[in-house]
Amino acid sequence: MKQLDLNRRKLLSRALALGAITALPGCNYEDPAHPDVADWFLHKMSAFNDEMQALLFNPNTLAPTFSPGMITNPPRFNAFYDMSQAPVVDPATYALELGGQIQDKQSWTLAALRALPQEGQITRFVCVEGWRVIGQWSGVPLGYFLHRIGADVTCKYVSFKCADGYYSSIDMASALHPQTILALDFLNAPLTAPFGAPVRLRIPTKLGFKNPKSIMQLAVSNVYTGGYWEDQGYNWFSGS
Amino acid sequence: MARDGSTQARPRPIHPWPLRLMHWLNALAIVMMIGSGWQIYNAAPLFNFSIPETLTIGAWLGAGIAWHLAFLWLLLANGLAYLIWGFASGHFKQKLWPILPGQVMREFIAALRFKLPHQKGVYNAVQKLLYVGVIFAGLVVVISGLGIWKPVQLWFFTDLCGGYYIARYVHFFAMASIVAFMAVHILLVLMVPRVLPPMITGGEMPEGQS
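Those protein sequences? They're chains A and B, same order as listed.
Counting with our numbering, you get residues 1 to 240 for the letters of the first sequence.
Counting with our numbering, you get residues 1001 to 1210 for the letters of the second sequence.
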């Protein structure tokens, strides 16, 4: 009987929720814990847009590069917290942890990462909000790194976990793009805490929030892990 | 349905059904695109103003983008269908062409004096110019929008608009032109309300008109 009452209450609250939706059409997608009809539609369309962007993605199309004179100075900080709260990772004890479908899961120190071939780029960083900056990054090409550690590059996803609790994931095709790098340097100097020290992803074929900072863990798998913003409603692929 | 009953031919509609269908699908798409676009604009305003939140679609940036990229496909598919149909059916040639500058001037002045009569099934020169103008604005808004969305993969659209930074302004002003068109369009329908039912039912073309 108690169970029945609970169910009835649940039904009632759902009916009330439905009423609220019809009163406020199209104003949701703000509470992932309580999806409604509009959320269902938007999620379906976002998944469709992921597929369309994967089709549109050309592995040989390079993001435009710029001259040193066009670099945005001072650089623009952006995160879901204030600049002073950026996580400080000790570079001496740092080790990048690896997981998932990878043969050699030994973690990587900064010195070991720096000993690998480095690539530099001056590219445009486009924020999901619409603004853009131009910056200079250099580091280890992610495609090279994935092959070096024996990652199964037939997997769908490369996922990242960061020192500040941020997390994100990208598709394998974009991970293998020649301009996708595990950046160690920004503006010709080692990354600083607000800009993602000690290691960040720099992927100019995607929006800014797909460039996670202060990466602690990297995993390769077929399991979708979403992301900090993606789980709140930003489109997952978010290609440029 | 000729008056003497000599022919059984069905009257030709003022607006054929594909046009009516595409008109209302476009109305839905454009309202959703503009409302959600205003929400996106507010995340990084180009000018010293923001759009009032009550006019935007989507409660926050993520929702605005989700609506914008969802209805993008309706706008795109419907717009392409309209262009193909418009050329293939002869609609553009018959209804929107030619636009003669002298006629536009005369009829514009007549319209300002409220002395431009509405003829069923015929577009006057000012209407023609406005319709061609809004089709052009639609092309610009789509091209600049795709250039902003995909400045790497669709770089040619971005370049066509003068780069990513300028493309945002191009997109904004194309949107503003469409909003201005809609204001005039809706105002004229309010002033001559008998033009509205034919856009729903099709209406009947007066005899002797092409």
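All residues carry an ideal CB built from backbone N, CA and C; glycine is no exception.
No experiment lies behind these values; they were computed from the predicted model shown.
Q.
Using the Cβ count rule (16 or more neighbours within 10 Å means buried), how would you classify F237(A)?
A. buried
Q | DSSP state of V133(A) mapped onto helix, strand, coil | A | strand
Q) Name the chain B residues that come within less than 7 Å of Q136(A), Cβ to Cβ? A) Those within 7 Å of Q136(A) in chain B number zero; the least Cβ separation is about 18 Å.
Q. Looking at S1144(B) and A1167(B), is the spacing between their C-beta atoms short of 7 Å?
A. yes
(Q) So with CB distances below 8 Å, who are the chain A contacts of G1162(B)? (A) Per Cβ cutoff of 8 Å: no residues; G1162(B) is ~13 Å from chain A at best.
Q | Local Cβ density within 10 Å of S107(A), reported as buried at 16 or more and exposed below that | A | exposed
Q: Kindly indicate which residue of G69(A), T109(A) and K44(A) has the alpha-carbon position closest to the one of V140(A).
A: T109(A)
Q. Taking the continuous beta strand (DSSP E) assigned at Q121(A), which residues delimit it?
A. E119 to V126
**Q.** Host alpha helix (DSSP H) of D50(A) (start-end)
**A.** V37 to L56
**Q.** Bridge partners - S159(A), DSSP secondary structure assignment
**A.** S169(A) and A219(A)
Q: Tell me, please, whether the CB atom of T154(A) is closer than 7 Å to any CB atom in chain B?
A: no
**Q.** Residues, ordered as in the chain, of the region 1023-1043 of chain B that lie near chain A by beta-carbon distance below 7 Å
**A.** I1040 and A1043
Q. How many Å lie between D39(A) and A1063(B) at the Cα?
A. 9 Å
**Q.** Beta-carbon spacing of R114(A), Y1164(B) below 7 Å
**A.** no
Q. With DSSP run on the structure shown, which of helix, strand or coil describes S138(A)?
A. strand
Q. Is it a yes or a no for the region 155-164 of chain A touching the region 209-216 of chain A, going by three-plus beta-carbon pairs under 8 Å?
A. yes
Q. R1106(B) lies in the alpha helix (DSSP H); which residues open and close that run?
A. P1101 to L1112
Q: Could you work out which residues of chain B lie near F57(A), taking near to mean beta carbons separated by less than 7 Å?
A: Q1153
Q.
Can you check whether the C-beta of A1174(B) is within less than 7 Å of a C-beta belonging to chain A?
A. no
Q: Report the neighbours of Y234(A) on chain B: residues whose CB is nearer than 9 Å to its CB, in chain order.
A: L1061, G1062, I1065 and A1066
Q | Through-space distance from I1051(B) to L24(A), alpha-carbon basis | A | In this prediction, L24(A) has a pLDDT of 40, which is less than 50 and means its spatial position is unreliable; nothing more can be read from the coordinates.
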